[in-house]
Structure formats: C-alpha cells, structure tokens
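Just below is one structure, and these are the notes that go with it.
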Amino acid sequence: MLTNRSKVVVNKKMTFMERIYLPAIIGGLITTMKHFFRKKTTIDYPKEKREISENYRGQHVLKVDEKGAERCTACGLCAVSCPAEAITMTAGERTKGEENMYREEKYAAVYEINMLRCIFCGLCEEACPKEAIFLTDRLVPVSGNRDEMIFGKDKLTEKHFNQVDISKRQTPEVLAFKQQKQYQHNK
Amino acid sequence: MVSGYIIYKAIMVVLIFLIGLGIAAYSTYAERKVAAFLQDRLGPNKAGPYGLLQPIADGVKMFMKEEIIPDVSNKFLFILGPCIAMLTACMTGVVIPWSTPITIDGVSYPLQITDINIGILYVFGVVSIGVYGIMIGGWASNNKFSLLGALRASAQMISYEIAMGLSIIALVMMTGTISLGEIAAQQAGGNWNIIYQPLGFLIFITCAFAECNRTPFDLPECETELVGGYHTEYSSMKLGFYLFAEYVNMFISSAIISTLYFGGYNMPFIGRFVTDPNMLSILGVVFLFGKIFFFIFFFMWIRWTIPRFRYDQLMHLGWKIFIPLSILNIILTGAGILFFNR
Numbered sequence: 574m575l576t577n578r579s580k581v582v583v584n585k586k587m588t589f590m591e592r593i594y595l596p597a598i599i600g601g602l603i604t605t606m607k608h609f610f611r612k613k614t615t616i617d618y619p620k621e622k623r624e625i626s627e628n629y630r631g632q633h634v635l636k637v638d639e640k641g642a643e644r645c646t647a648c649g650l651c652a653v654s655c656p657a658e659a660i661t662m663t664a665g666e667r668t669k670g671e672e673n674m675y676r677e678e679k680y681a682a683v684y685e686i687n688m689l690r691c692i693f694c695g696l697c698e699e700a701c702p703k704e705a706i707f708l709t710d711r712l713v714p715v716s717g718n719r720d721e722m723i724f725g726k727d728k729l730t731e732k733h734f735n736q737v738d739i740s741k742r743q744t745p746e747v748l749a750f751k752q753q754k755q756y757q758h759n760k
Numbered sequence: 028m029v030s031g032y033i034i035y036k037a038i039m040v041v042l043i044f045l046i047g048l049g050i051a052a053y054s055t056y057a058e059r060k061v062a063a064f065l066q067d068r069l070g071p072n073k074a075g076p077y078g079l080l081q082p083i084a085d086g087v088k089m090f091m092k093e094e095i096i097p098d099v100s101n102k103f104l105f106i107l108g109p110c111i112a113m114l115t116a117c118m119t120g121v122v123i124p125w126s127t128p129i130t131i132d133g134v135s136y137p138l139q140i141t142d143i144n145i146g147i148l149y150v151f152g153v154v155s156i157g158v159y160g161i162m163i164g165g166w167a168s169n170n171k172f173s174l175l176g177a178l179r180a181s182a183q184m185i186s187y188e189i190a191m192g193l194s195i196i197a198l199v200m201m202t203g204t205i206s207l208g209e210i211a212a213q214q215a216g217g218n219w220n221i222i223y224q225p226l227g228f229l230i231f232i233t234c235a236f237a238e239c240n241r242t243p244f245d246l247p248e249c250e251t252e253l254v255g256g257y258h259t260e261y262s263s264m265k266l267g268f269y270l271f272a273e274y275v276n277m278f279i280s281s282a283i284i285s286t287l288y289f290g291g292y293n294m295p296f297i298g299r300f301v302t303d304p305n306m307l308s309i310l311g312v313v314f315l316f317g318k319i320f321f322f323i324f325f326f327m328w329i330r331w332t333i334p335r336f337r338y339d340q341l342m343h344l345g346w347k348i349f350i351p352l353s354i355l356n357i358i359l360t361g362a363g364i365l366f367f368n369r
C-alpha cells in the first residue's frame, strides 16, 4: 500500500449498471480527455535541454594548472578506483623543455576513458590526489561508432585559455575532506 | 444544359474524392497527434510547423518503399485486394448530402452527387463489398497471419452488418424513407434523430467501429497477435492503400453517422440569424464537416481509451447482445409510432 490507490479484487457478480459498460466507458473517456489537456512531459531535446543538477556528473575533464601544464601524473589511482574499469593510461617521463606542458616529472602519455564502460560514479575524481580529473555538467556526445566513444587526451584535456568550471564539484568542503588523512582513501 | 450538368457533376465527384483523400491523409496526422496528446506526448512536430507536412512525408515514404509481392502469393488477387478496399471506400461518398442546394442565376445545384432513393441500401451494399478487399488480400498473401486476420475481419464485418442493418430499420420506420437526402432534410431545426433513436444510435456507432476495424474491434490487424493481420505481407503503396482505405472509411462513416442521427447539415436556430439560402447552404457544409471532424476525433478518442476485445467477446457482443437489442429497438420504435401516431 504505497500509494493508497490499490483496490482489492472481489469476484462479485456485476450489477446491471456495470454490465452495460457504458458508465465505465464514459469514465474512461473522461480520464483520457483529462490527459489531452494536461501539460506535456516531452522535452524537445535539441531545442530545449533538461535542467540538470549543478554538480551533475557528466563528461570528464583533465585539468591544467594556471600556467597551462597538465596536472595528471599518471599515478593510476583513478584507474584502480574505477569500478567499471573504464580508464587506461600509459605513463611517460618529462624531458627537458616540457616543463610548461607537464606539471611534474611523470605524466600520462596516453590517457583513455571508455565512455561506454564509464558509469559516471565520480570515484576517479575522489581518488585523484592531484585534482587533475573532474566530472563536469557536459553531456557526452553520442556516436554511431564504438571506437569514437573511447575518449583520449585530445577530447579530455581542457584548453589553457578555455578552462572548464568545476567549482560546483570542488567546493572548499570537498577539498577539506580530501586533505583529512584519517580516511583510508586519502592515505 | 446537359453538358453543363455533366460538368457540374464531374466537378462534384472530383471535389468530394479529393476532399475525402485529403481528410484521410490528415486523419493519419490527427491520429498520431491525438494519440500523443492523450498519452501526454507531443506527437509529430518536426515536418513543417506543428508537423503539418507529416502526411506528405509519410506518402513519399510509402511510394519510395520497395514493393514486395511474395513468390507464393496469387499475384492477381494480391494486387486486386487493396484496389477493392480503396475503391469501395471512395464509392460511398457519392450519396452523402453535403448541404442544401445552392442557387446561382436561377439554376439549383444540389450539393450531393446523387440522391438515389435507396441511399442507405447503396451504402450498405458498397460497404459489404469492402469485406472482399480485406478477405482477398489476406487470402492471396498465402500467409497464416494474413489468413487469420482476413478470417477474423470477414466474420466480424458480416456479424456486425446484421446489427447495423437492424438498427437502421428502426430509423427507416421512423423517417419513412431510405434516401439520405430526405433523412437529412427531415431533421431541419433541432429535430435530430438521435433524440428518438438513442439506442439505435448506440448500436449503429458501435457497429461502425467494428465495420471500420477500429479499436476496440481492431482484431483483423491486431499487432500483438497477428503481426499486421491481413496486410502482413503488403508493402509500399499497397499497404498504404489499405491503411488509407481505413481512414477514408472512417471519414465516410462519420459523415453517415452525422447525416443519419445528428441532423446532417442542419443546425438548430441558425435560421434566425441567417436568411440567405445560399449562405445557409454554405454554413450547412461547415456544420456537417464540424460534426464529421468531431466523430473522427471520437473514433480516435475511443481508440486510446478502450482496449481490444477478445475474439469470443466480440462475437458474443455482436450476436447475443446487439442483434437482440436492435430487434428490441425495432419493436420499441414500432410501438412508439403506433402510440404517438406520428
């Protein structure tokens, strides 16, 4: 009895009014007519978009720092934490002259997320010690091809002068929580 | 003068043919739109403003599709089926009185192609040929589902024609004529037949649903059981013809229901505001089409309200309920005529 609308079935004989069906049919017609004038639930997608939560977990972004250097150090914690095993990466060593491209000595030469495997849980973001990966409120574009759904660094890394706003997901509380070392996952 | 008469009749025939097809085409659009609205959706809205070009897109699609004639089918009958369905659907429009005559320069032009004095019988005759279209199509496909659909369709249409005819007999007893033009003319003012024949109307409209193969009597083509029923094997425009014939039938039966029971082109109290007979005649067409559109909407409204009957329920309803009820209606009408002496 969740909705209080359930009716107990009784196998009693139908009365005359029930047997001529007409009152029931008219009742049905009234019900459908009410739906005719009801507000439609359709969202005309390409024209109008569904309102999404401000900390929506959509397509990932690989952050760069204020100088435009990639934050990711290819530690692999995101890949380990990923329950869907959607993340793969290959580490590379920074050579001389690449200091403005990569923040630390190690970087991700290849970083791929399979968007068909990803369940958008946000554990990668939680695991990342370098604040390098975040989920954003962008929807993942669809494709008719499975290969195109494996997003490499070209699609994931943000541009230096066109950074993606992740302030809704990285609130001070979240940052403070990530610094607390008593939790298992922050050690 | 004779050639002028022929030209006038030819214009009327072409006009009513085109109007019938146009309304049938837009019925497909209206059906989808009404279905969507009754289910809290929006329906087709991409082709043109509000999706108004959808029927044209559908028509183009139907023509461009590959035409498949099964190897095992009887080719002549396979092609004949949809032709008969379409032909009979278009033929019934001939006897419907669209309005009172228009007089131009002293010459009276009746807005009815032909007022044959057995109008109702003509309609019944043509409609009963319509069964052949479905039966031949279903049988010629050489497919189990088609055959089952065709069998159901013919059994259903023949059963409901009896009750339909009997319900009309009561009406004919009252009006004293079977010419549709005269029946419409008798109902001038608010003197509509529905007031005297509510039971007859109920039987008639239910049988009309069954004759048009519309829900809740759409067993011949029920998708869940028979794939597509009698038109399972059909493709391209031949399928289009079957679907189209159904909508033309719906339009014609709406017109006949309006003419027989809802006063046709008459509207109460309109004579007080408009006196010019030509103007009244044009308004009559408008009123009749208003009634027809309401009934087409009603057909669709019912479709999305009442679920399909089971086959035995359908037969039970037709033979054990509607036929006795319509006979009772005849007796009651006869008693009423005797009692009130009208």
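Top line first, the protein sequences correspond to chains A and B.
Every number in this note's numbering is 573 more than the matching position in the first sequence, counting from 1.
Every number in this note's numbering is 27 more than the matching position in the second sequence, counting from 1.
No residue lacks a Cβ here, since even glycine has one placed at the ideal position from N, Cα and C.
Leaving aside the five residues before and after residue i along the sequence, list all residues of the same chain whose C-beta is less than 6 Å from its C-beta, in chain order.
| i | result |
| --- | --- |
| Ala215/B | Asn293 |
| Trp331/B | Ala62, Leu65 |
| Phe693/A | Arg630 |
| Phe326/B | Arg241, Met277 |
| Ser353/B | Ala190, Leu193, Ser194, Ile230 |
| Gly160/B | Gly108, Ile111, Ala112 |
| Asn101/B | Ala167 |
| Cys234/B | Tyr187, Ala190, Met191 |
| Ala272/B | Ala112, Met113, Ala116 |
| Ala52/B | Pro82 |
Residues of chain A with CB under 8 Å from residue i, in chain order?
| i | result |
| --- | --- |
| Trp331/B | Thr605 |
| Phe64/B | His608, Phe609, Lys613 |
Give the interface partners of residue i over in chain A, defined as CB-CB distance under 7 Å, in chain order.
| i | result |
| --- | --- |
| Trp328/B | Leu602, Thr605 |
Excluding sequence positions up to five away, which residues of its chain have a Cβ less than 8 Å from the Cβ of residue i?
| i | result |
| --- | --- |
| Ile350/B | Ile189, Ala190, Leu193 |
| Gln736/A | Lys636, Val637 |
| Glu591/A | Ala597 |
| Pro128/B | Ser135, Tyr136, Pro137, Leu138, Ser308 |
| Asn72/B | Gly78 |
Residue i touches chain B at which residues, Cβ-Cβ below 7 Å?
| i | result |
| --- | --- |
| Lys613/A | Asp67, Arg68, Leu69 |
Which residues in the same chain have their Cβ closer than 7 Å to the Cβ of residue i, if we skip the five residues on either side of it in sequence?
| i | result |
| --- | --- |
| Thr646/A | Glu677, Lys679, Tyr680, Lys703 |
| Gly291/B | Pro124, Ala211, Gln214, Ser285, Leu315 |
| Ser716/A | Met722 |
| Thr360/B | Ala197, Met200, Met201 |
| Leu174/B | Gly165, Trp166 |
Taking any Cβ of chain B, which residues in the segment 590-610 of chain A have a Cβ under 7 Å from it, in chain order? Residues are counted here when their Cβ sits less than 7 Å from a Cβ of chain B; for the segment 590-610 of chain A these are Ile598, Gly601, Leu602, Thr605, His608, Phe609, given in chain order.
Determine contact between the segment 685-698 of chain A and the segment 657-668 of chain A, defined as no fewer than three beta-carbon pairs at a distance below 8 Å. Contact between the segment 685-698 of chain A and the segment 657-668 of chain A is established, with three or more Cβ pairs separated by less than 8 Å.
For the pair the segment 335-343 of chain B and the segment 242-249 of chain B, tell me if three or more CB-CB distances fall below 8 Å. As far as the Cβ criterion goes, the segment 335-343 of chain B touches the segment 242-249 of chain B, which means the pair count is three or higher.
Does the pairing of the segment 31-48 of chain B with the segment 256-266 of chain B give three or more beta-carbon distances under 8 Å? Judged by Cβ distances under 8 Å, the segment 31-48 of chain B makes no contact with the segment 256-266 of chain B, as fewer than three pairs qualify.
Can you list, in chain order, the stretches of the beta strand (DSSP E) that have 3 or more residues and sit fully within the segment 319-364 of chain B? Scanning the segment 319-364 of chain B from its first residue to its last, no whole beta strand (DSSP E) run of 3-plus residues comes out.
Contiguous alpha helix (DSSP H) assignments of at least 4 residues, all confined to the segment 36-95 of chain B: List check, alpha helix (DSSP H) in window: 81-91.
Can we say the segment 263-272 of chain B touches the segment 87-103 of chain B, given the rule of at least three CB pairs closer than 8 Å? By the Cβ criterion, the segment 263-272 of chain B is in contact with the segment 87-103 of chain B, since at least three pairs of Cβ atoms, one from each stretch, lie closer than 8 Å.
Is the segment 79-87 of chain B touching the segment 47-56 of chain B in the sense that three or more CB pairs, one from each, lie closer than 8 Å? Touching, yes.
Would you call the segment 194-209 of chain B and the segment 230-238 of chain B touching, i.e. three or more CB-CB distances under 8 Å? Counting C-beta pairs closer than 8 Å gives three or more between the segment 194-209 of chain B and the segment 230-238 of chain B, which meets the contact rule.
Is it true that the segment 197-209 of chain B meets the segment 129-149 of chain B, where meeting means three or more beta-carbon pairs spaced less than 8 Å apart? Taking 8 Å as the limit for Cβ pairs, the verdict is that the segment 129-149 of chain B does touch the segment 197-209 of chain B.
Given 8 Å as the limit, is there contact between the segment 29-37 of chain B and the segment 574-587 of chain A, that is, 3 or more CB pairs closer than that? The segment 29-37 of chain B vs the segment 574-587 of chain A: no contact.
With contact counted as at least three CB pairs below 8 Å, one residue from each stretch, are the segment 286-302 of chain B and the segment 175-188 of chain B in contact? A contact between stretches requires three or more CB pairs, one per stretch, nearer than 8 Å, and the segment 286-302 of chain B fails this requirement with the segment 175-188 of chain B.
Length at least 3, wholly inside the segment 115-142 of chain B: the beta strand (DSSP E) runs in chain order: Runs found: 126-131, 134-138.
At what residue ranges does the segment 662-737 of chain A contain a whole run of the beta strand (DSSP E), taking only runs of 3 or more? With a minimum length of 3 residues, the continuous beta strand (DSSP E) runs that stay inside the segment 662-737 of chain A are 679-687, 706-708.
Hey, which unbroken runs of the alpha helix (DSSP H) at 4 residues or more fall wholly within the segment 255-283 of chain B? The segment 255-283 of chain B contains no whole alpha helix (DSSP H) run of 4 or more residues.
Output the residue ranges of the beta strand (DSSP E) runs that lie fully inside the segment 617-670 of chain A and measure 3 residues or longer, sorted by chain position. Counting whole runs of 3 or more residues, the segment 617-670 of chain A contains the beta strand (DSSP E) stretches 633-635, 660-666.
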